[in-house]
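Here's the structure, in structure tokens; my notes come after.
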Amino acid sequence: MSADFTGAVVLITGAARGQGRSHALAFAERGATVIALDACADIATVPYPLATSDDLAQTAHLIERAGGMCRTVRADVRNGDALRAAVTGILAEHGRLDVCVANAGIAGFGPVCELTDAQWATMLDVNLTGVFHTLRAAAPPMKEAGSGRIITIASMGGRAGTPNLGHYAAAKWGVIGLTKTLALELAGSGVTANVVCPGTVDTPMVHNPAMYGLFAPDIEDPTREDVAPRYRRLNPMAEAWTAPEDVTAAVLYLASPAARHVSGITLEIGAGVSARMQ
């Protein structure tokens, strides 16, 4: 049964496109007011274009066209004051914050011994410190209200080592530890905190020339069709990539009343990779 989020106020970071947009649309279609937050700016150490202000506007347009309610916020999760200001604005306008999905993230690659200080620092700043800033801003008003759902998006890359993704894996592993700690600190308050770990998701983070080149270095200008067989070899179910909506289904469950006694878990959407892990 699909959960009803009528009247709920939901904050989603990294909502301009990809998984964040999918989550935003799904909550709005189920009655929530969505606060879609994104930095809408490229980062020098990220080898593919990031979301734009037009992408964020398109998320709002799609929500509103479907009859939902959306407010957009341009903010960088690396800025803790900006996240606090965003939550303060939500409370002033709506009087509540029911769900927070800390989804914003980036990818990059390189062998550990070849990563620059800037590559390492930026990855941790966005993918781990950015989640910390989001949770630090969102958790207190939820705790005060006696209810709330916090969902962080880590990665199957945070469940095992992955060549060329050491900084990414370190950040996503950190998200898991951070979220589990918060779940313990909030236990009994009415607020839950859980992690979703997607595998390879069909989004611009995966579909770009830099990422294709990593998986198909032997092919000049590899295409989506060229890399699909190689992506399939990454998981037992031989799925090249997971649809964002499959990740959204996990997010909706963890945000729903059905998950009221679920806190501190890591829900893996890994196309069978979990079976290889302890």
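Position one of the sequence shown corresponds to residue 653 (this note's numbering), numbered consecutively onward. Virtual Cβ for every residue (Gly too), placed ideally from N, Cα, C.
In the structure shown, residue 754 adopts extended strand secondary structure according to DSSP, grouped into three states. Pairwise C-beta distances place the stretch 750-757 out of contact with the stretch 704-722, as fewer than three of them are shorter than 8 angstroms. In this structure, residue 808 lies near residue 849, with their beta-carbon atoms less than 8 angstroms apart. By the criterion of a C-beta distance shorter than 7 angstroms, residue 786 is surrounded in its chain by 665, 729, 735, 752, 754, once the five residues flanking it on both sides are discounted. Per DSSP, residue 857 lies in no alpha helix (DSSP H) segment and is marked neither H nor E. Considering only 898, 844, 661, the residue with the shortest C-alpha distance to residue 747 is 661. Taking residue 675 as the centre and dropping the five residues before and after it, the same chain places the C-beta of 664, 753, 900, 903 closer than 6 angstroms to its C-beta, in chain order.
Between residue 834 and residue 802, the gap from beta carbon to beta carbon is short of 8 angstroms.
Here residue 888 is exposed. Its C-beta has fewer than 16 other C-beta atoms within 10 Å.
Separation of residue 688 and residue 678 (C-alpha to C-alpha, rounded to the nearest whole angstrom) is 12 angstroms. One thing to note: residue 780 has its Cβ within 8 angstroms of the Cβ of residue 823.
The C-alpha of residue 821 lies about 31 angstroms from the C-alpha of residue 709. The three-state secondary structure of residue 914, taken from DSSP, is coil.
Note on residue 912: under 16 other CB atoms within 10 angstroms of its CB, so exposed under the neighbour-count rule. In the DSSP assignment, no residue is bridged to residue 880.
Each residue's CA atom was taken as its position, placing residue 827 and residue 796 some 23 angstroms apart.
A residue is called buried when at least 16 other Cβ atoms come within 10 angstroms of its Cβ; residue 798 does not meet this threshold and is exposed. Using a Cβ-Cβ distance cut-off of 8 angstroms, the stretch 695-708 and the stretch 853-869 are in contact, since at least three pairs of beta carbons, one from each stretch, lie closer than that value. Its Cα nearest to that of residue 756, the residue 672 stands out among 893, 910, 825, 672.
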